[in-house]
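Asker: Numbering of the sequence shown is given in numbering that gives the first Met the number 0, commencing with residue 0 and proceeding in unit increments. Even glycine gets a Cβ: it sits at the ideal position worked out from N, Cα and C.
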Amino acid sequence: MPTATMTPIPNTQYLDVHALRADFPILHRRVHDKPLVYLDSAASSQKPQAVLDAMERYYETTHANVHRGVHTLSEEATVQYEAARARVADFIGACCPKEVIWTRNATEAINLVAYSWGRANLRRGDRILLTEMEHHANLVPWQILAAETSVDLDFVPIADNGTLILDDPDRLLTPRTRLFAFTAMSNVLGTINPVKELTAAAHRAGALVLVDGAQSVPHMPVNVQELDIDFLAFSAHKMLGPTGIGALWGRRELLNAMPPFMGGGDMIREVHLRESTWNELPWKFEAGTPAIAEAIGFGAAVDYLDAIGMDTVHRHEQEITAYAMQKLSEVEGLKILGPGPEQRGGLVSFILGDVHPHDIAGVLDSMGIAIRAGHHCAQPLHERYGIPASARASFYIYNTEAEIDLLVAGLHKVVEFFSY
Ligand code: PLP
Numbered sequence: 000m001p002t003a004t005m006t007p008i009p010n011t012q013y014l015d016v017h018a019l020r021a022d023f024p025i026l027h028r029r030v031h032d033k034p035l036v037y038l039d040s041a042a043s044s045q046k047p048q049a050v051l052d053a054m055e056r057y058y059e060t061t062h063a064n065v066h067r068g069v070h071t072l073s074e075e076a077t078v079q080y081e082a083a084r085a086r087v088a089d090f091i092g093a094c095c096p097k098e099v100i101w102t103r104n105a106t107e108a109i110n111l112v113a114y115s116w117g118r119a120n121l122r123r124g125d126r127i128l129l130t131e132m133e134h135h136a137n138l139v140p141w142q143i144l145a146a147e148t149s150v151d152l153d154f155v156p157i158a159d160n161g162t163l164i165l166d167d168p169d170r171l172l173t174p175r176t177r178l179f180a181f182t183a184m185s186n187v188l189g190t191i192n193p194v195k196e197l198t199a200a201a202h203r204a205g206a207l208v209l210v211d212g213a214q215s216v217p218h219m220p221v222n223v224q225e226l227d228i229d230f231l232a233f234s235a236h237k238m239l240g241p242t243g244i245g246a247l248w249g250r251r252e253l254l255n256a257m258p259p260f261m262g263g264g265d266m267i268r269e270v271h272l273r274e275s276t277w278n279e280l281p282w283k284f285e286a287g288t289p290a291i292a293e294a295i296g297f298g299a300a301v302d303y304l305d306a307i308g309m310d311t312v313h314r315h316e317q318e319i320t321a322y323a324m325q326k327l328s329e330v331e332g333l334k335i336l337g338p339g340p341e342q343r344g345g346l347v348s349f350i351l352g353d354v355h356p357h358d359i360a361g362v363l364d365s366m367g368i369a370i371r372a373g374h375h376c377a378q379p380l381h382e383r384y385g386i387p388a389s390a391r392a393s394f395y396i397y398n399t400e401a402e403i404d405l406l407v408a409g410l411h412k413v414v415e416f417f418s419y
């Protein structure tokens, strides 16, 4: 059985994880006098030194407000800030930087579409199709919109194995369905949804497609043009970048036709006392002083991931996940939610006998192991499975099979402790 002090960390087939972990200062800290085992990246990932340095360098050498200044610092800050946008646009295969709108996070990106596109385009009797596996971020904005506009919400159901049941697309994608908004990867079940197929079905029915990429963009190659989707929402903090910044990608013609989301400085072309005109994309949707250092940090995170390669990131996580699923299934009374390893990304949610997930997480924390417990902002999904909560271990580029062994050893202790 591995011990909490074991070293060195073995590499997986795809990544030199041992070398890579040296880039993440936080992974060297101890928690309750044990080495930190961080298995909560689906909630928020850790940051490499390159991201921390990029933000610190910006504040030390360049900081000024963007766009408005004619002085050197402002011009340099603007160049760095807009270069980060170009990097992120390139990372997701966007045609051009102006299709990438900075938001605070994926949640705000989805809200932007609900408020701007939704209010301008939807009428009583129109329908929005969602799925039963959505994060609250891709449910609540549509509920609010539905209450205001009398739009109807439909839901693609989930099979017991955690995959979507869309064998009767004509029933769910009706002629009144204007938007199909779904997650590319469930943050609870780990299910990777067939984005291209779902998008093709939606388009055949005349509906637009919004993809919640909060769990896919950080973990696998995502190319918006290949997928042929219409909107994509994602957050920097889940992909090695800072908190406080995310992005909405949208098709230029759709974004151009949408009214602004918020009003204020930077999003305008001209302002008069009683009326204003709007700036061009992407700034039309970015009111006020933006998160400049965070955008620069986001660009550095994308550079870091690009240097590894998103295929490699994905394959590493699949390997770790398959290993975790095999080892976890050996723990007495443990039940894994969701599909087999071939259909899932890098996370495993589970229940363990009658032990409350918060108790599991508490015992593991005392061993330095960070997992998540609760409904993971997916309460309807838990209701679907008749459970109030689950425990979730989620993986990223810096996780190792040795850490999975520590998790499993910890869970054996939980079983012993609660001796059910
Ligand atoms: N969608 C999914 C699938 C998520 O997992 C999350 C966060 O956990 C979100 C949306 C919301 O992300 P954020 O809180 O960064 O806006």
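1) With a threshold of 8 Å between beta carbons, is Lys412 in contact with chain D?
2) So does Asn137 have its beta carbon nearer than 7 Å to some heavy atom of the ligand PLP?
3) Indicate the three-state DSSP secondary structure (helix, strand or coil) for Thr61 in the structure shown.
4) For Met266, which option in Glu274, Asp169, Leu254 and Glu279 has the closest C-alpha, if you only look at C-alpha atoms?
5) Compute the distance between the beta-carbons of Arg177 and Arg126, then report whether it is under 8 Å.
6) Got a sec? Which residues, its chain only, sit under 7 Å from Arg268 by beta carbon, not counting five neighbours each side?
7) Have a look at Val99, Val208 and Lys412 and flag the residue whose alpha-carbon is nearest the alpha-carbon of Ala294.
8) Using only the heavy atoms of the ligand PLP, determine whether one of them is closer than 7 Å to the beta carbon of Ser420.
9) Thinking C-alpha only, which one of Gly243, Thr130, Leu336 and Trp116 is nearest Arg251?
10) Check whether the segment 319-339 touches the segment 74-92, counting contact only when three or more Cβ pairs, one atom from each stretch, lie closer than 8 Å.
11) So is His218 buried or exposed if we call it buried at 16+ other beta carbons inside 10 Å?
12) Determine the closest residue to Asp52 out of Leu144, Arg123 and Ala300, with distance taken between C-alpha atoms.
13) Could you have a look at Met324 and say whether DSSP puts it in helix, strand or coil?
14) Helix, strand or coil for Tyr303? Go by DSSP, reduced to three states.
15) Report all residues from its chain with a CB closer than 7 Å to the CB of Pro47; omit the five preceding and five following residues, and keep chain order.
16) What span of residues does the beta strand (DSSP E) with Leu389 cover, start to end?
17) First and last residue of the beta strand (DSSP E) that includes Ile335?
18) Is Thr182 near the ligand PLP, in the sense that its beta carbon is under 7 Å from a heavy atom of that ligand?
19) Locate the beta strand (DSSP E) running through Thr102, then write down its first and last residues.
20) Hey, would you say the C-beta of Thr106 is under 7 Å away from at least one heavy atom of the ligand PLP?
21) I need the boundaries of the alpha helix (DSSP H) containing Ser418, first residue and last residue.
22) What is the C-beta distance between Leu14 and Ile396, in whole angstroms, given that I count them as a contact (C-beta under 8 Å)?
23) Report the CB separation of Ile403 from Ile319 in whole angstroms; it is logged as a contact under 8 Å.
24) Quick test of your reading: Asp211 and Ala246, contact by CB under 8 Å. State the CB separation rounded to the nearest angstrom.
25) Within this structure, are the beta carbons of Arg103 and Ile244 separated by less than 8 Å?
26) What does Leu14 pair with, by DSSP beta-bridge criteria?
27) Looking at C-alpha atoms only, which residue of Gly367, Ala286, Phe297 and Pro379 is the closest neighbour of Arg441?
28) Identify the continuous beta strand (DSSP E) that holds Leu172 and give its terminal residues.
29) Going straight from the alpha carbon of Ala82 to that of Met54, what length do you get?
30) Measuring only the C-alpha atoms, how far is Thr2 from Leu405?
31) In the segment 344-389, which residue ranges form an unbroken alpha helix (DSSP H) of at least 4 residues, counting only runs that do not cross its ends?
32) Consult DSSP for Arg29 and reduce its assignment to one of helix, strand or coil.
33) Could you spell out where the alpha helix (DSSP H) holding Asp89 opens and where it closes?
34) Can you name the residues that DSSP bridges to Tyr114?
Answerer: Answer, in terms of the structure:
1) The structure shown contains no chain D; it is built from a single protein chain.
2) Counting from one through the sequence shown, the residue named residue 137 turns up at place 138. The answer is yes for Asn137.
3) Indexing the sequence shown from 1 puts residue 61 at position 62. Three-state DSSP puts Thr61 in coil, outside helix and strand.
4) Along the sequence shown, one-based indexing puts residue 266 at 267. Considering only alpha carbons, the answer is Glu279.
5) Taking the sequence shown and counting its residues from 1, one reaches residue 177 at position 178. Taking the sequence shown and counting its residues from 1, one reaches residue 126 at position 127. Yes. Within cutoff.
6) Locating residue 268 in the sequence shown gives position 269, counting from the first residue. Within the same chain, Arg268 has close Cβ partners Thr276, Trp277 and Asn278.
7) In the sequence shown, residue 294 corresponds to position 295, counting from 1. Checking every option, the nearest Cα to that of Ala294 belongs to Val99.
8) The requested residue 420 is not part of the displayed model; the chain covers only 0 to 419.
9) In the sequence shown, residue 251 corresponds to position 252, counting from 1. Selected option, being the one with the closest Cα: Trp116.
10) no
11) As a first step, residue 218 must be located in the sequence shown, where it is residue number 219. That one is buried.
12) By one-based count along the sequence shown, residue 52 stands at place 53. The shortest Cα separation from Asp52 among Leu144, Arg123 and Ala300 belongs to Ala300.
13) Within the sequence shown, the letter at position 325 stands for residue 324. DSSP places Met324 in helix when its eight states are reduced to three.
14) Working through the sequence shown from its first residue, we reach residue 303 at position 304. The answer is helix: DSSP assigns Tyr303 an H, G or I state.
15) Along the sequence shown, one-based indexing puts residue 47 at 48. Once the five neighbours on either side are set aside, the close Cβ partners of Pro47 are Asp22, Phe23, Leu239 and Tyr303.
16) For the purposes of this step, residue 389 is taken as the residue at position 390 of the sequence shown. Note on residue identity: the sequence assigns Ser, not Leu, to residue 389. Taken as a continuous stretch (DSSP letters only), the beta strand (DSSP E) holding Ser389 covers Ser389 to Ser393.
17) As a position in the sequence shown, residue 335 is number 336, starting the count at 1. Per DSSP, Ile335 belongs to the beta strand (DSSP E) from Leu333 to Leu336.
18) Taking the sequence shown and counting its residues from 1, one reaches residue 182 at position 183. Yes, the Cβ of Thr182 comes within 7 Å of a heavy atom of the ligand PLP.
19) Along the sequence shown, one-based indexing puts residue 102 at 103. Note, Thr102: beta strand (DSSP E), Val99 to Thr102.
20) As a working note, residue 106 is residue 107 in the sequence shown. Under cutoff, so the answer is yes.
21) The residue given as residue 418 occupies position 419 in the sequence shown. Run containing Ser418: none; DSSP gives neither H nor E here.
22) Taking the first residue of the sequence shown as 1, we reach residue 14 at position 15. Taking the first residue of the sequence shown as 1, we reach residue 396 at position 397. Their Cβ separation, rounded to whole angstroms, is 6 Å, which keeps Leu14 and Ile396 in contact under 8 Å.
23) As a working mapping, residue 403 is identified with position 404 in the sequence shown. As a working mapping, residue 319 is identified with position 320 in the sequence shown. Contact holds; Cβ gap of about 7 Å.
24) Residue 211 sits at position 212 when you count from the first residue of the sequence shown. Residue 246 sits at position 247 when you count from the first residue of the sequence shown. Actually they do not touch by this definition, with Cβ atoms about 12 Å apart.
25) Locating residue 103 in the sequence shown gives position 104, where the first residue counts as 1. Locating residue 244 in the sequence shown gives position 245, where the first residue counts as 1. Going by C-beta atoms, Arg103 is nearer than 8 Å to Ile244.
26) Looking up residue 14 in the sequence shown gives position 15. Looking at the DSSP assignment, Leu14 forms no beta bridge with any residue, so it has no partner.
27) Nothing in the structure corresponds to residue 441, since the chain is present only between 0 and 419.
28) Mapped onto the sequence shown, residue 172 falls at position 173. Per DSSP, Leu172 belongs to no beta strand (DSSP E) and is neither H nor E.
29) Here residue 82 is taken as the residue at index 83 of the sequence shown, counted from 1. Here residue 54 is taken as the residue at index 55 of the sequence shown, counted from 1. Going by the C-alpha atoms only, they are around 14 Å apart.
30) Position 3 of the sequence shown, counted from the start, is the residue given in the question as residue 2. Position 406 of the sequence shown, counted from the start, is the residue given in the question as residue 405. At Thr2, the pLDDT of 35 sits below 50, so the modelled position is not reliable; the number obtained from the coordinates is stated separately. When rounded, the distance between both Cα atoms is 7 Å.
31) 356-365 and 378-383
32) Along the sequence shown, one-based indexing puts residue 29 at 30. Arg29: strand per DSSP, three-state reduction.
33) Mapped onto the sequence shown, residue 89 falls at position 90. Note, Asp89: alpha helix (DSSP H), Thr71 to Phe90.
34) Reading the sequence shown from its first residue, position 115 is the one you call residue 114. Partner(s): none; Tyr114 has no beta bridge.
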